[in-house]
Structure formats: structure tokens, C-alpha cells
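Chains A and B, in that order, give the protein sequences.
With the working numbering, letter number 330 in the first sequence gets 335, and the count goes up by one each step, no holes.
With the working numbering, letter number 185 in the second sequence gets 190, and the count goes up by one each step, no holes.
Glycine included, every Cβ here is placed at the ideal spot set by N, Cα and C.
Take a look at the structure set out below.
Number of protein chains: 2
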Amino acid sequence: MVSLKDISVRCGVSVATVSKALNGHKDVSEATRERLLKAAKEMGYFPNSQARALKTNRTLNLGVMFSDDAGSGLTHEFFAKVLNSFKTEAESAGYDITFINKNVGRQKMSTYEHCKYRNVDGVVIACTDFTTQDVYEVINGDIPVVTIDHIFDCRTAIMSNNEKGIEELVNYVADMGHKRIAYIQGNKSAVADRRLAGFCKACMNKGIEVDPALLLAGDYHNPEKTYEMTKELIAMSDRPTCIFMPDDYSSMGGFNAIKDSGLSVPEDISVVGYDGIAYSQLLSPKLTTYLQDTATIGSEAAKQLISLIENPQTTFTEVITVDGRLIEGASVKKLV
Amino acid sequence: MVSLKDISVRCGVSVATVSKALNGHKDVSEATRERLLKAAKEMGYFPNSQARALKTNRTLNLGVMFSDDAGSGLTHEFFAKVLNSFKTEAESAGYDITFINKNVGRQKMSTYEHCKYRNVDGVVIACTDFTTQDVYEVINGDIPVVTIDHIFDCRTAIMSNNEKGIEELVNYVADMGHKRIAYIQGNKSAVADRRLAGFCKACMNKGIEVDPALLLAGDYHNPEKTYEMTKELIAMSDRPTCIFMPDDYSSMGGFNAIKDSGLSVPEDISVVGYDGIAYSQLLSPKLTTYLQDTATIGSEAAKQLISLIENPQTTFTEVITVDGRLIEGASVKKLV
DNA sequence: CTTTATGGCGGAAACGTTTGAGATAATAAA
DNA sequence: TTTATTATCTCAAACGTTTCCGCCATAAAG
Numbered sequence: 006m007v008s009l010k011d012i013s014v015r016c017g018v019s020v021a022t023v024s025k026a027l028n029g030h031k032d033v034s035e036a037t038r039e040r041l042l043k044a045a046k047e048m049g050y051f052p053n054s055q056a057r058a059l060k061t062n063r064t065l066n067l068g069v070m071f072s073d074d075a076g077s078g079l080t081h082e083f084f085a086k087v088l089n090s091f092k093t094e095a096e097s098a099g100y101d102i103t104f105i106n107k108n109v110g111r112q113k114m115s116t117y118e119h120c121k122y123r124n125v126d127g128v129v130i131a132c133t134d135f136t137t138q139d140v141y142e143v144i145n146g147d148i149p150v151v152t153i154d155h156i157f158d159c160r161t162a163i164m165s166n167n168e169k170g171i172e173e174l175v176n177y178v179a180d181m182g183h184k185r186i187a188y189i190q191g192n193k194s195a196v197a198d199r200r201l202a203g204f205c206k207a208c209m210n211k212g213i214e215v216d217p218a219l220l221l222a223g224d225y226h227n228p229e230k231t232y233e234m235t236k237e238l239i240a241m242s243d244r245p246t247c248i249f250m251p252d253d254y255s256s257m258g259g260f261n262a263i264k265d266s267g268l269s270v271p272e273d274i275s276v277v278g279y280d281g282i283a284y285s286q287l288l289s290p291k292l293t294t295y296l297q298d299t300a301t302i303g304s305e306a307a308k309q310l311i312s313l314i315e316n317p318q319t320t321f322t323e324v325i326t327v328d329g330r331l332i333e334g335a336s337v338k339k340l341v
Numbered sequence: 006m007v008s009l010k011d012i013s014v015r016c017g018v019s020v021a022t023v024s025k026a027l028n029g030h031k032d033v034s035e036a037t038r039e040r041l042l043k044a045a046k047e048m049g050y051f052p053n054s055q056a057r058a059l060k061t062n063r064t065l066n067l068g069v070m071f072s073d074d075a076g077s078g079l080t081h082e083f084f085a086k087v088l089n090s091f092k093t094e095a096e097s098a099g100y101d102i103t104f105i106n107k108n109v110g111r112q113k114m115s116t117y118e119h120c121k122y123r124n125v126d127g128v129v130i131a132c133t134d135f136t137t138q139d140v141y142e143v144i145n146g147d148i149p150v151v152t153i154d155h156i157f158d159c160r161t162a163i164m165s166n167n168e169k170g171i172e173e174l175v176n177y178v179a180d181m182g183h184k185r186i187a188y189i190q191g192n193k194s195a196v197a198d199r200r201l202a203g204f205c206k207a208c209m210n211k212g213i214e215v216d217p218a219l220l221l222a223g224d225y226h227n228p229e230k231t232y233e234m235t236k237e238l239i240a241m242s243d244r245p246t247c248i249f250m251p252d253d254y255s256s257m258g259g260f261n262a263i264k265d266s267g268l269s270v271p272e273d274i275s276v277v278g279y280d281g282i283a284y285s286q287l288l289s290p291k292l293t294t295y296l297q298d299t300a301t302i303g304s305e306a307a308k309q310l311i312s313l314i315e316n317p318q319t320t321f322t323e324v325i326t327v328d329g330r331l332i333e334g335a336s337v338k339k340l341v
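This is the structure we're talking about:
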């Protein structure tokens, strides 16, 4: 690999001058700067990121912390889309991304230690259990952090507007004439709490009674569980006319439960999802759901994180809320 | 951050000795080694990966090169699963992974230059157009490379056994009594070629005529296109009794086309997919498809790549074929 | 008792950068 | 003419490792 030294000997200047020229310092003449830039390009020079990092304590690397359990993680469309957008934004600012985890390799280390070892400039935490020791360590550490869909004190958070999303769905469903609305919730988490709050609030506003019997505890991303819950709801004496599923993916379980009961969507029972994944619009009937703005969530997370990194003095933390958009499918029937 | 030097002054030995003790060199007594290890642990020492990389020219970082266009990349379940498995295997060997691309950040650089800049120890290439300049540069470079689902001379490749997969599907369908089988292919690529070869071969073996009119050019991961193609097939005077879809995701388009034509699966027309994604088993009827062994593909890619890295002398390149498994759903009807 | 091996350790250079402090020369001000 | 200022560049240290080489004991061999 061609180094600063190679350029310096070729051009008859010192290494320092080359470094300064390439980094745009002002104490090098325009003439030599151009000469050096030209030589660097010709020789195919690229800075050695490790050497630079060693000296500057900046790696231009962003850590991504998430749960790679089956069902969440990379194969989760929401996370994949957020990550993709995060990646694009980060890269345009010159940052690369590295997956951070409890590395079980040669050295056993915690997630936070992993961050330190790799010297990431910042970390984004998403789609994971936020109540673990590993997360706390990172949150309490001295590395810039942005969280997605979870709020910690003194840390910037990007929040998908789950409350508003559910509210819009409730309003839509209510306007279609539904009164008995069931809600199969996702697993206990900040997101689930906010959705539930939105659900109750919107129901109140629409004058719809929230029957506790219709609030079931389900799981995100778990069609089997959702199948069961849906069956339970169907078996009820005064069955709901509409079911809120934990998310689009799970809703497939709900669809099947309904079908297996000899009923159909939306004639006999209406269904709404959440997420707006691609598949939801390939179903028939198309699913009425709430599309989370993953592009904005990801890019905003990257922007905020980079801002924290590049302005270390800012102790100011923000909570940024990202709205989504209701997608009207054909899974909710208009009641007379 | 605590460094070797910190440990050395605390324990009254030289930096060199600490380094050697921690790296398991033999020229340090068992007594001092233990003393130093203990101190290192107490002080919370972790090696500085950049400094180490600078000296050893090994970063313990693996580059992942893929296409992040919409439709492929992270949101593609096949790739996501392969990546996840690759990641797990790599991490257990102490490697982290970094996404490699044409970085458009501060410095404009090609993918290969990006590899050099980040000093990745090796690169895996998957799910991308293998005929681009960017890929050639990497293939012809001096970094260890493993490719997935594409074979280059002198480079190790992991191949999902597409040929066998299609063959098994054809055999299954033939055994169910089908004679007129249509095949909507994916976009022109090595994978598509192999699948077509498998298709033709298996048909011959089963004594089934391959009607060119039933071999349509479609796209992978494109339900809309598949919808159209399926419509065309349905409109034919002597309509096929079974359709091979490009992949499971696309098959949703096929399902909808059939439904929209007032027909149903599998009563009127049978369907098989490819990939074995989670959704395929949530459809009703469940899709008969071929599950690619993404876990093995990913982990094998990592193992091979690491082996190439850690045994630099081996000029030996392999092509490793990974079989999958047919999943029998209910989308193929048994003909009398 | 001298030589030779060996086990344990330290010195120091090197990897490729960045950066503040100095050096030099030219220019401007006094 | 002297002094101050500026522009341009070099020196050298530093970042945290690894590793070759050499040193010094002690032990084994002659």
C-alpha cells in the first residue's frame, strides 16, 4: 500500500507536508498542494484507516447493536429497512458500520467492551431488549448513542410514532363503523406500551368502549401465537368485528385462524396490521395497516448520531418522532 | 483506555513482556504470565484493534459486498439469513464484519479501494450483479475472496445447489402426475442458468416435454412481473397444470393472478416456489417449495474465507455445493 | 573451570498517521 | 537598517501494538 512517505519521497517534501496538504490545512502553498494531490491520485494513495484512527481516536465507524435472535434482527423487515437507510446515510458522511455484540470469539467481551475494542465513534441501538445489562453498559458509557424506539434519559432517541399510528388506525376503523375492536398486543416493551396508550386514547375520543377482554397479550413477529389469540377472539360469544394484529407478519397467523374457522376477511371479520411490510400489500385482501417510515427513522438516527460525534460539546439530547402513514387496504369492512 | 504500558508500569515489567504474555508467547514464565493476565483483567484491558492492525496487517474484519438496491440486499430474506449465519460464524472466530461498497463519502473510492482503506482481511460477495467492474476489481485483487452463488476461476465459491433443488421439485411435481409444467425464470444470472439446466434435465429424465412456450423470462423478487407472466400462462389455450415461480416472494404475484382469474390453487392450477422463506408456510395453501440451506451457506462461506485468510499459502480453491430440502406444502394437486 | 545451551526478559524499531512547535525565508512595517 | 509578520515547510513525538535481537542469569555439558 502506498503511504504518505512514498508520496513525500517522490515529491521531495516531508511527510508532514503531505499529510497537511491532503487534509486541507492552510499552511501549505496552493502550488505544492496541487502537486501532492496529483501525485497521491496517480499513485493510488488511500489513507490507512487504522493509523489514522490510532492517532486521531476517530475510526469513522458506527456500531449497530441489535438482537440477532431468530425472528428479530436482520431477517426482520422493519429492522432491515431501518438499517439499510441508516447505512446509506452513514456512508454518505464517510462512516462505515460494524455490528456490535457480545463477542464470544477469541476474547470474551461484553457489548460495551466490544465497542471500546473496535473504537466505534458512536452506537445505534435498535430492535433489541432494552432492559439488559449489555444495553445499560452502553447507555451509561461515554460513547455517543442513539436509540430507536426506546427512550433513555440523556440519550437521543428516534421514535416511530406508534401512538399516532394506532390512533389513525382506530379512527379509520371507527369511521368504518366498528365498535367492538380487539387488540392483540406485542410483547411487553416501550413500543407496546405506546401503542396501547394510543389505542385507548383514540377509542375514548371516538366513544368506543375498551373492553379488557378484547386486549390480548401476544407477541410481535409470531404468527403462531397470533393464530391462537385470534381463535380465542373468534370463539367469544360477542365476537369483535375487527382485530388489531401485533404486526403485519403476525397477521398472517390471524388470517389463517379466520380462514380455518370458516370465516373470511373482511366479510365476517375485519383485520388491521402494523408496519406496512411489502407482503402486506400482496395479500388478498390487501391489509389495512400503518406504514412506518423506516427510511426517515434510519437516516435520522444516522444524522443525529453523527451530529453527536462531530459536536462533542452538545450535551443536548433530543427525542425525534417520525410519523408514518396509514395504508388503506381492503381488510376492513364498512359496517352499515 | 488502559494500554499495555499501563499494565507494564503497574507490574514492573516491560511492555514487550506484557504483550507476549497476553498473546501466549512461550518466552515468558508461567508465574509472570499469570500475574500479568490477572492485572490485565483487573484493569479492564482490551487490546486496541487499530494499533494491532497497524502492526500486524490483520484487522480481524471481514468485508461483505452486496447490492443494496431495493429488492435485493438487506431486505431480501435469503441474503439476510445468509448474512446472519455468516456473521455468527465469523464472530465466533473473532472476526467482525463491515459492509463494503462504493463509498461516496469524504473520499470517492471504488469498492476495492474501500477494502484496502479499511484493510479487511477478506471479502464475501453475495446477492449482487457479478458482472460489474466493481466485482472484477475485487476478484482480481489480492484480498481473499469467497463468492456465494457465482463461480469465478481461482476463487472459492459457495453454491446453493440450485440444479438439484429444481430437479427435486420437478420430480415431485411429475410424480404428482403433472405433464405440462411452466417455468417463470428469474433474471439472467448464473443462478437462473443453473436452475433452468436442472429443470430441463429433470424433465427429460421424467419423460416430460419441455415446451419453450412454457419457459417465460421473469424477474426474481418481482411479484408484479410474476403476476403478468402468470396471467399469460393462464390465458393459454392449453394451459399448464403447474407453474414454477421464480421464488417464493414472487409467487405471491402468481397466487393473486390465479385468484383474480377466478381460479384457485391447487384445484385449478398448481404452484411451486423456491427459497423456503418464512412467509411461504403461512400462506394457505402452504407453498410447496425448496428450502435453501442458508445457515450452511453462510457459515460455510465464513469458514472458507477465514481458512483462506489464516492459511495464506493455500492457492487451492474450492467450489462447495450446499443442498437444500424440499418442503411439501399443499400447492400442488395430485392428478389422477 | 570453561563453554554452550536455554529460559526469561527488556530495548528499540517499526507500522502510517497527525500535529504542535520550531525553522527558514520572504515580505511588510517601522 | 532593523524588526515584526507572514507563508511555507520540516522535525519529532506520539498513538498502542508486535517482534526481532540481544542481554543476563542459571543450568547443563565438556
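- Would you decide whether Met2/A is buried or exposed? Buried here means 16 or more other CB atoms lie within 10 Å of its CB. Residue 2/A lies beyond the residue range present for chain A, which begins at 6 and ends at 341; the question has no answer from this structure.
> Can you list the alpha helix (DSSP H) stretches of 4 or more residues lying completely in the stretch 292-337 of chain A, in chain order?
Replying inline: 299-315
Have a look at Ala58/A, Thr116/A, Lys31/A and flag the residue whose alpha-carbon is nearest the alpha-carbon of Lys107/A. Counting from one through the first sequence, the residue named residue 107/A turns up at place 102. When each option's Cα is compared against that of Lys107/A, the closest is Thr116/A.
Give the straight-line distance between the Cα atoms of Phe83/B and Leu27/B, rounded to the nearest whole angstrom. Taking the second sequence and counting its residues from 1, one reaches residue 83/B at position 78. Taking the second sequence and counting its residues from 1, one reaches residue 27/B at position 22. Between Phe83/B and Leu27/B, the C-alpha separation is close to 40 Å.
For Gly182/A and Gly329/A, what's the separation of their Cα atoms in angstroms? One-based indexing of the first sequence puts residue 182/A at position 177. One-based indexing of the first sequence puts residue 329/A at position 324. Their backbone Cα atoms lie some 23 Å apart in a straight line.
| field | Continuous beta strand (DSSP E) stretch holding Thr103/A: start and end | value | For the purposes of this step, residue 103/A is taken as residue 98 along the first sequence, with counting starting at 1. Its beta strand (DSSP E) spans residues 101-105.
Original post:
Does Thr103/B have its Cβ less than 8 Å from a Cβ in chain A?
Top reply: One-based indexing of the second sequence puts residue 103/B at position 98. Yes - at least one Cβ of chain A is within 8 Å of the one on Thr103/B.
Q) How long is the line joining the alpha carbons of Gly334/B and Lys211/B, rounded to whole angstroms? A) Taking the first residue of the second sequence as 1, we reach residue 334/B at position 329. Taking the first residue of the second sequence as 1, we reach residue 211/B at position 206. Their Cα atoms are separated by approximately 22 Å.
* What are the uninterrupted segments assigned as alpha helix (DSSP H) that are 4 or more residues long and contained completely in the stretch 21-59 of chain B, given in chain order? -> 35-48
Item to complete: Assign Val14/A to one of three DSSP states: helix, strand, or coil.
Response: Your numbering for residue 14/A matches position 9 in the first sequence. Val14/A falls in the helix class under three-state DSSP.
Can you name the residues of chain B whose CB is closer than 7 Å to the CB of Met181/A?
As a working mapping, residue 181/A is identified with position 176 in the first sequence. Those within 7 Å of Met181/A in chain B number zero; the least Cβ separation is about 24 Å.
*Taking only the alpha-carbon atoms, compute the straight-line gap between Ser336/B and Ile171/B and give it to the nearest angstrom.*
Along the second sequence, one-based indexing puts residue 336/B at 331. Along the second sequence, one-based indexing puts residue 171/B at 166. Cα-Cα distance, rounded: 16 Å.
Open item on the list: I'd like the list of long-range same chain contacts for Phe157/B, defined as Cβ closer than 7 Å, with 5 residues on each side in sequence excluded.
Closed with: For the purposes of this step, residue 157/B is identified with residue 152 of the second sequence, where counting begins at 1. These residues qualify, in order along the chain: Ile144.
One or two residues paired with Gln286/A in a DSSP bridge: For this step, residue 286/A is matched to residue 281 along the first sequence. Bridge partners of Gln286/A: none, in fact.
Which residue's Cα is closest to the Cα of Pro245/A: Ala187/A, Leu220/A, Glu237/A? For the purposes of this step, residue 245/A is taken as residue 240 along the first sequence, with counting starting at 1. If we check each option's Cα against that of Pro245/A, Ala187/A comes out closest.
Are any of the Cβ atoms in chain B nearer than 8 Å to that of Leu88/A? Translated into the one-based positions of the first sequence, residue 88/A becomes position 83. Judged by the 8 Å Cβ criterion, Leu88/A is in contact with chain B.
| task | Mind checking who Gln190/A pairs with in its DSSP beta bridge? | result | What you label residue 190/A is simply residue 185 of the first sequence in a count that begins at 1. Paired residues: Ala222/A.
Fill in: Thr152/A (DSSP reduced to helix, strand or coil)
For the purposes of this step, residue 152/A is taken as the residue at position 147 of the first sequence. Looking at Thr152/A - three-state DSSP - the assignment turns out to be strand.
At the level of alpha carbons, what is the spacing between Asn62/A and Ala56/B? Along the first sequence, one-based indexing puts residue 62/A at 57. Along the second sequence, one-based indexing puts residue 56/B at 51. About 11 Å.
(Q) Do Pro290/B and Tyr254/B count as a contact pair if the criterion is CB distance below 8 Å? (A) Along the second sequence, read from residue 1 onward, the residue named residue 254/B stands at position 249. Along the second sequence, read from residue 1 onward, the residue named residue 290/B stands at position 285. No, these two residues do not count as a Cβ contact at 8 Å.
I want to know whether the stretch 160-171 of chain B touches the stretch 297-316 of chain B - three or more CB-CB distances under 8 Å.
yes
- [ ] Quick one: list the residues of chain B neighbouring Ala58/A, beta-carbon separation under 7 Å, in chain order.
- [x] One-based indexing of the first sequence puts residue 58/A at position 53. By Cβ distance, chain B contributes Gln55.
Of all the residues that make up the stretch 265-288 of chain B, which are near chain A by a beta-carbon distance shorter than 7 Å? Tyr284, Leu287
* Asked: So which residues of chain A does Pro290/B contact, with C-beta pairs closer than 7 Å?
  -> Position 285 of the second sequence, counted from the start, is the residue given in the question as residue 290/B. Those do not exist, as Pro290/B stays about 11 Å from chain A at its closest Cβ, beyond 7 Å.
Short-range partners of chain B found in the stretch 119-138 of chain A, where Cβ spacing is below 9 Å = His119, Lys121, Tyr122, Arg123, Asn124
Q. Do we get a CB-CB distance below 8 Å when we pair Glu333/B with the residues of chain A?
A. The residue labelled residue 333/B in the question sits at position 328 within the second sequence. Cβ-Cβ to chain A under 8 Å: no for Glu333/B.
- Using the beta-carbon count (16 or more within 10 Å), is Val33/B buried or exposed? As a first step, residue 33/B must be located in the second sequence, where it is residue number 28. Buried is the call here.
Phe249/A, DSSP secondary structure in three states
Position 244 of the first sequence holds residue 249/A. The answer is strand: DSSP assigns Phe249/A an E or B state.
Exercise. So Tyr225/B and Asn192/B are in contact, right, with Cβ under 8 Å, and what is the actual spacing, rounded?
Worked result: The count along the second sequence starts at 1 and reaches residue 225/B at position 220. The count along the second sequence starts at 1 and reaches residue 192/B at position 187. About 6 Å; that satisfies the 8 Å criterion.
- Message: Any contact between the stretch 235-251 of chain B and the stretch 214-223 of chain B? By contact I mean 3 or more CB pairs, one from each, below 8 Å.
- Response: yes
inquiry  = For chain B, check one thing: does any of its Cβ atoms lie closer than 8 Å to the Cβ of Met1/A?
reply    = With chain A covering 6 to 341 only, the question about residue 1/A has no answer from this structure.
When the Cα of Glu323/B is compared with those of Arg160/B, Gly258/B, Asp198/B, Pro251/B, which residue comes out closest? Taking the second sequence and counting its residues from 1, one reaches residue 323/B at position 318. Selected option, being the one with the closest Cα: Arg160/B.
Between the alpha carbons of Ser269/B and Ile248/A, how many angstroms are there, rounded? Start at 1 with the first residue of the second sequence, and residue 269/B comes out as number 264. Start at 1 with the first residue of the first sequence, and residue 248/A comes out as number 243. Their Cα atoms are separated by approximately 27 Å.
| Is the Cβ of Asn108/B closer than 8 Å to any Cβ of chain A? | Residue numbering aside, residue 108/B sits at position 103 when the second sequence is read from its first letter. Taking Cβ atoms only, chain A reaches closer than 8 Å to Asn108/B, which makes this a yes.
request  = Check whether the Cβ of Asn261/A lies closer than 8 Å to any Cβ atom in chain B.
outcome  = Your numbering for residue 261/A matches position 256 in the first sequence. With 8 Å as the cut-off, Asn261/A counts as an interface residue toward chain B.
Just the C-alpha distance for Tyr41/A and Pro317/A, rounded to the nearest angstrom, thanks.
-> Residue numbering aside, residue 41/A sits at position 36 when the first sequence is read from its first letter. Residue numbering aside, residue 317/A sits at position 312 when the first sequence is read from its first letter. In the sequence as presented, Tyr is not what sits at residue 41/A; that position holds Leu. Those two C-alpha atoms are separated by around 32 Å.
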